[in-house]
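In the numbering used here, the protein residues as written are 1 to 174.
Heads up, the thing below is written out as structure tokens.
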């Protein structure tokens, strides 16, 4: 599902797919993760690169990461908390004195670009990929801008027939 999304929405040819785990070894992890590894490795249409640890998620080794919903939610909320902490610390440092404030002025455009990149409202929501329809998940504290962008995400998914393409791929396995 992530492969199809990456190819059709993000425009990534032959996306690299990794499985979130506690180590690189094939047999590491609980029963679900070990079996998922076996299935991903056995499917020739997936460019499966193996396991990926949490610390590697942002190093661009994988275009798609696979995990269960619980693990995915913990990752997202941890990253959100870290980003909030990080940006708060930067703001505190850059407003701590006159020299810091002058330095911040020179970096304003860079910080604006970086903040926009990490702003969930910019993306609106994520597609909950499945077989029976298109669902967009948005942050619980989303404002109107995020909802507007979530609607754009839904429209793009509908225009590109993501659900149909996922169904076709799943049906071709059997």
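Beta carbons: idealized from backbone N, C-alpha and C, even for Gly.
In this structure, the beta-carbon distance from residue 3 to residue 17 falls below 8 Å.
The shortest CA-to-CA distance from residue 158 to any of 41, 146, 127 and 106 is the one to 127.
In this model, residue 111 and residue 163 are separated by some 37 Å (Cα to Cα). Proximity to residue 15 across 21, 56 and 64 peaks at 64, based on C-alpha coordinates.
Beta-carbon to beta-carbon, residue 165 and residue 8 are separated by about 6 Å, close enough to satisfy the 8 Å threshold. Across the structure, residue 73 and residue 31 are spaced so that their CA atoms are roughly 20 Å apart. For the set 115, 106 and 102, the Cα lying nearest the Cα of residue 88 is the one of 115.
Going by DSSP, residue 12 is part of no beta strand (DSSP E) at all; its letter is neither H nor E. Here DSSP, grouped into helix, strand and coil, assigns residue 50 to strand. Under the criterion of beta carbons closer than 8 Å, residue 138 and residue 150 qualify as touching, at roughly 5 Å.
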